[in-house]
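Here the structure is laid out as structure tokens; the discussion comes afterwards.
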Amino acid sequence: MTDFSCVITAGGDGEAAGDAADALRASVDSVLGQSLRAAEALVVLASTADAPTRTAARALADRAPDRVRLIHADPAVRTTGALRNAGLDAATGRYVLVLTPGERLHRHGCRNLWQAGERSRADLVAGRWSRTVGEGGKEQEPPWQDELYARSRTVARFDEASQLVVRDALVTGFCLRREAARRHGLRYEEDLAHGEILFGPLAAVAVGRIALVRRLIVTGRAVPDRPRDLTALVAAHRRVASTLDALGLPALSEERERAFVRDHLVPLARSFPRLPAARRTRTAATAARVLTVPVPQELPALERVAVTLLARGDAEGVVAAAYALSRPATVCAPVTTGEDGRVEWDEHCPVDVTELGHQYRVFGEARLMNRLTRCTAGQGRLLLEGRLVLPPHTAPDGPFTATLEFRARGGARAVAFPVADVRRDGNGITWGACADVTRLLRPVGVRDTAWDARLIVEAGGVRSVSDLFGPQDLVEGPVRFAARPRLGPLAGDTWEPYITLKDHLALRLTARRRPARATRRLVRYATHFRPARKAKLLLRALRKRADRYRSRPFKAAAYNTWLTRLPVRKGSVVFESHMGRCYGDSPRALHEEIRRQGLKLHATWSYDTSPAGFPADARLVRRWSWRYLWALARAEYWVDNQGFPQHLRKPARTTYLQTWHGSAYKRMGFDETRVRLQNAPQRERLQQAVHRFDHFLVRSEHDVATLARAYRLPEDRLLRTGYPRNDALIAERVRAETEGRLPRPPLAGALGIDDHKKVVLYAPTFRGGPGAGGKQARRRLLLDVREFAERFGDTYTLLVRAHYLEAARLPVCPPGTVIDVSRHHDVSEILALADVLVTDYSSIMFDFALLDRPVILYAPDLDAYAAERGSYFDLREKAPGPVTATQEELFAELAELKLSDIRCAPQRAAFAAEFGGYDRGDAARRTVAAVFGPQSAHRTTDHQQGAGR
0 MTDFSCVITA GGDGEAAGDA ADALRASVDS VLGQSLRAAE ALVVLASTAD
50 APTRTAARAL ADRAPDRVRL IHADPAVRTT GALRNAGLDA ATGRYVLVLT
100 PGERLHRHGC RNLWQAGERS RADLVAGRWS RTVGEGGKEQ EPPWQDELYA
150 RSRTVARFDE ASQLVVRDAL VTGFCLRREA ARRHGLRYEE DLAHGEILFG
200 PLAAVAVGRI ALVRRLIVTG RAVPDRPRDL TALVAAHRRV ASTLDALGLP
250 ALSEERERAF VRDHLVPLAR SFPRLPAARR TRTAATAARV LTVPVPQELP
300 ALERVAVTLL ARGDAEGVVA AAYALSRPAT VCAPVTTGED GRVEWDEHCP
350 VDVTELGHQY RVFGEARLMN RLTRCTAGQG RLLLEGRLVL PPHTAPDGPF
400 TATLEFRARG GARAVAFPVA DVRRDGNGIT WGACADVTRL LRPVGVRDTA
450 WDARLIVEAG GVRSVSDLFG PQDLVEGPVR FAARPRLGPL AGDTWEPYIT
500 LKDHLALRLT ARRRPARATR RLVRYATHFR PARKAKLLLR ALRKRADRYR
550 SRPFKAAAYN TWLTRLPVRK GSVVFESHMG RCYGDSPRAL HEEIRRQGLK
600 LHATWSYDTS PAGFPADARL VRRWSWRYLW ALARAEYWVD NQGFPQHLRK
650 PARTTYLQTW HGSAYKRMGF DETRVRLQNA PQRERLQQAV HRFDHFLVRS
700 EHDVATLARA YRLPEDRLLR TGYPRNDALI AERVRAETEG RLPRPPLAGA
750 LGIDDHKKVV LYAPTFRGGP GAGGKQARRR LLLDVREFAE RFGDTYTLLV
800 RAHYLEAARL PVCPPGTVID VSRHHDVSEI LALADVLVTD YSSIMFDFAL
850 LDRPVILYAP DLDAYAAERG SYFDLREKAP GPVTATQEEL FAELAELKLS
900 DIRCAPQRAA FAAEFGGYDR GDAARRTVAA VFGPQSAHRT TDHQQGAGR
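Numbering-wise (our numbering), the sequence shown opens with residue 0 and increments by one.
Below you can see the structure in the form of structure tokens.
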């Protein structure tokens with residue numbers, strides 16, 4: 000008896016034709032290539048299989064007769080389900096696995112399943128699978144598998160891993176003990192297309208123990224043809240939902256309903272612009288017939304709209320919703336506002352879309368869908384007609400003028416055509432244009448062969464620019480125009496309109512006549528024959544060498560070897576804040592104090608991407624540029640709050656002042672579990688980088704006991720001056736106590752904050768990993784800012800400050816309720832403006848406590864975070880304000896802010912005294928005197944063995 004019987008059907012009803020023979024070979028070859036040799040392939044051949052499939056099946060059986068068995072099904076057995084049942088009956092292996100033709104087992108797939116089954120004694124063993132997406136054959140795993148197969152485990156019942164039945168997890172990539180399958184009478188439904196959707200959950204429900212394997216088992220699963228198979232997919236889904244209901248699991252049934260909508264109906268709606276018009280109509284009619292269950296209200300707004308229109312059979316409405324799904328910020332329907340203030344998609348589809356924020360966008364700011372309705376040729380000209388969506392609240396007063404513009408893709412050239420026919424049409428603008436592209440559109444003919452179209456509508460001095468959206472079948476027939484490139488007819492001779500992959504109209508320059516075609520063939524030959532290929536390889540090698548000379552490792556080596564030998568330029572200081580991302584924090588405070596005192600120092604500031612906002616009177620250098628390395632090598636002082644690049648050695652005659660960027664709640668440096676688990680060279684690299692510090696600022700003895708110890712800094716390098724950046728907070732507190740809070744700082748007016756509103760600053764901590772410092776990661780906030788705006792928008796303005804290594808994704812909210820201040824350079828100015836701070840574990844709470852204003856901690860994952868990162872103290876015990884675990888608790892504290900402020904005043908004062916004892920308002924002056932003043936020791940540490948290369 001073999002260990003594995005892999006059933007592969009061929010020629011059944013509903014199976015894809017065309018390349019069926021190649022698909023069968025791929026599946027069987029994957030079985031024969033298994034590292035577990037005791038695996039056989041059972042090819043169940045239908046009597047209706049075509050000749051190439053029959054030939055391929057016989058050849059495979061003849062090639063490996065001991066491992067490939069060919070089973071000729073009875074002529075009455077025609078469906079795929081019946082063929083699979085025949086394979087189950089003929090299987091002899093201890094485990095049985097079913098593959099659809101084209102699906103391929105990973106080389107160790109059977110071995111991984113067999114080992115998990117033998118170790119756990121489970122009757123069903125399941126693992127990951129991937130599907131083929133796109134024309135390039137790229138493999139992609141469903142995203143929900145990450146949670147289901149996060150680790151290998153064994154569950155006693157299927158509901159301990161509910162995704163097995165909620166999602167289509169068991170359509171492939173799993174095996175059953177053959178004895179268990181027969182004991183439970185598990186069979187495929189022979190009259191049900193896509194019966195694998197039902198078979199997997201039935202098997203999971205019937206068996207007891209289930210083993211989950213985190214390894215990839217099957218690749219190459221085909222994406223279902225949802226327009227064609229919609230009826231079958233819905234039927235299989237309904238059977239699974241009915242099974243869950245019969246088992247008394249209505250919650251799982253509802254969850255599966257939501258999953259089915261997201262996994263099948265939403266992708267079906269997204270595909271509508273790529274379907275021919277006739278097929279769109281048929282698919283919408285089918286959907287109206289089979290989709291009878293109400294749309295789940297828990298879905299996002301646009302998904303609810305798309306599925307609602309699909310269930311109503313509105314093909315054109317689904318096309319618009321599909322465009323909106325790919326561009327959520329675009330207004331694709333004439334949204335209407337009800338009496339309760341809620342915004343609906345339109346009067347025919349009253350789905351609540353308030354969360355999209357379209358009601359807050361005005362003409363010129365809102366992106367409007369411009370639906371192209373006609374694209375034809377007439378009298379040698381391009382005839383275009385379309386309709387621009389114009390919701391009532393965005394419609395400006397006065398007449399409209401429009402211009403059709405074609406812009407060279409990737410370039411700045413644009414050609415405009417006047418639009419004579421522009422008229423208001425209900426909740427939209429109908430327009431028509433006649434463009435003489437032959438006469439007016441004159442490309443060069445090289446690198447400007449594609450031109451994108453857009454419509455510019457102007458009213459009252461306000462412009463609205465929109466791309467021309469159309470389904471893929473909009474351009475029908477031979478719509479072509481003569482072209483006159485500036486390089487002559489050999490560069491191209493014909494303009495052809497087409498719909499891009501982004502569903503927008505464009506023109507492309509093609510070659511249809513013999514001279515242009517011959518020229519293009521000649522150019523292709525000249526750029527692809529052997530000498531040209533060698534020239535390309537040489538050019539590629541030269542570019543690779545040039546890239547190496549521009550790379551950071553090469554620059555670091557050149558810096559450490561040669562530039563550090565340069566003489567120091569007396570009085571030169573290199574400032575850097577948060578790795579060059581901003582002009583702020585303590586380095587800024589020190590720079591301004593030096594400038595105020597008139598010290599003869601030459602300031603250089605580094606910036607990461609843009610010099611905007613940095614001081615004009617300082618020399619600006621881009622981080623990691625050669626000018627940056629030159630400035631570091633010759634500087635007498637380094638000043639930063641995060642750390643200059645670790646691989647750069649500090650010159651022996653340079654003094655490094657590390658101001659740091661905040662007191663520590665979470666464990667840092669060598670106290671971190673991540674660092675303790677690193678290898679010796681990695682820990683040594685960190686120690687060498689920290690050893691460059693000559694001065695390290697601390698603001699309390701807590702910093703001495705945590706940061707200084709965690710980074711192994713000796714006592715003589717600590718400066719107990721406090722943080723220079725906090726001098727502004729001390730001054731703001733004194734001003735507020737003596738003069739009152741109003742008027743607010745000038746920044747309030749620049750941000751448009753009303754004086755009658757209180758300001759809440761939400762500043763969560765960094766939640767990325769150690770390697771996330773390169774690019775800013777966009778993360779969804781734990782706080783629902785839209786809900787905050789709805790409940791407190793009349794009395795509060797919410798300022799959102801993401802960590803400088805991250806970017807927040809904010810929804811559209813009413814004007815003046817939510818403002819993103821993440822890109823503002825200096826956080827101290829934001830803190831001085833705020834009346835309340837909401838944070839979780841960010842060190843910003845230590846600074847804000849100096850203002851003696853309310854602090855609310857919103858930490859829904861406090862225990863998990865503390866367990867993962869580690870902490871220096873119990874936050875609930877020492878917090879400067881209430882610690883809330885849910886959003887409702889947070890909103891309750893905000894609603895009773897005055898009482899909370901009075902109640903927490905003593906603990907806030909104790910918090911500020913313990914963690915900011917050295918912040919007295921003169922930190923900048925004291926630091927400048929200690930490091931840059933005439934009485935300073937100018938002590939430096941020689942680091943010829945410093946950070947190394």
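The beta carbon of each residue, even a glycine, is placed where N, CA and C say it ideally should be.
In the structure shown, the three-state DSSP call for A415 is strand. A305 is the residue among R288, V289 and A305 whose C-alpha sits nearest the C-alpha of Q296. CA-CA distance, A160 to C174, rounds to 17 angstroms. The region 607 to 653 is shown to contain whole alpha helix (DSSP H) runs of 4 or more residues at 625 to 633, in chain order. By the neighbour-count criterion, in which a residue is buried when 16 or more other Cβ atoms sit within 10 angstroms of its Cβ, N678 is exposed. By the Cβ rule, the region 582 to 592 counts as touching the region 715 to 726, because three or more pairs are nearer than 8 angstroms.
With a threshold of 16 other beta carbon atoms within 10 Å, P442 meets it and is buried. Within 10 angstroms of the beta-carbon of D584 lie 16 or more other beta-carbons, which makes it buried. Secondary structure note for G385: its beta strand (DSSP E) is the uninterrupted segment R380 to V388. As summarised for the region 647 to 725, the continuous beta strand (DSSP E) elements at least 3 residues long and confined to that stretch are 654 to 657 and 694 to 696, given in chain order. Between L387 and L454, the C-beta gap is smaller than 8 angstroms, which places the two residues in contact.
In the three-state DSSP reduction, A531 falls in the helix class (H, G or I).
Rounded to whole angstroms, the gap between the alpha carbons of L856 and Y664 is 13 angstroms. In the DSSP assignment, no residue is bridged to H357. For S119, the uninterrupted alpha helix (DSSP H) segment begins and ends at G108 to S119. Membership of I70 in the beta strand (DSSP E) is indicated by the continuous run V67 to H71. Within the same chain, Y655, Q657, L712 and R716 come within 7 angstroms of F692 by CB-CB distance, once the 5 residues on both sides are set aside.
Contact between the region 682 to 690 and the region 917 to 932 is not established, with fewer than three Cβ pairs separated by less than 8 angstroms. In this structure, DSSP gives C174 an extended state, which the three-state scheme calls strand.
Looking from the CA of D2, the closest CA among D49, R106, P64 and R110 belongs to R110. Burial check for Y548: the Cβ neighbour count within 10 Å stays below 16, so the residue is exposed. Between G126 and Y148, the CB-CB gap stays under 8 angstroms.
Taking C-beta atoms under 8 angstroms as the contact rule, L298 and V239 fail to qualify, at a distance of about 19 angstroms. Residue pairing by DSSP places Q33 opposite no residue, since no beta bridge is assigned to it.
The beta carbon of R341 sits closer than 8 angstroms to those of D351 and T353, all from its chain and outside the five residues before and after it, given in chain order. Unbroken alpha helix (DSSP H) runs of no fewer than 4 residues, entirely contained in the region 199 to 261, are found at 225 to 245 and 249 to 259, following chain order. Annotation for T560: no residue places its beta carbon closer than 7 angstroms to its own, counting only its chain and skipping 5 residues before and after.
Taking a C-beta distance under 8 angstroms as the contact criterion, V759 and Y795 qualify as a contact pair. Taking C-beta atoms as the reference points, V27 and A72 fail to come closer than 8 angstroms.
Secondary structure of K569 (DSSP, three-state): coil.
In the DSSP assignment, F914 falls within the unbroken alpha helix (DSSP H) covering L896 to F914. Contact between the region 94 to 103 and the region 21 to 39 is present, with at least three C-beta pairs closer than 8 angstroms. Around the beta-carbon of Y524, fewer than 16 other beta-carbon atoms lie within 10 Å, marking it exposed. Per DSSP, the continuous alpha helix (DSSP H) segment holding K877 begins and ends at L874 to K877. Straight-line measurement puts the Cα of G409 at about 26 angstroms from the Cα of L536.
Taken through DSSP and simplified to helix, strand or coil, F931 comes out as coil.
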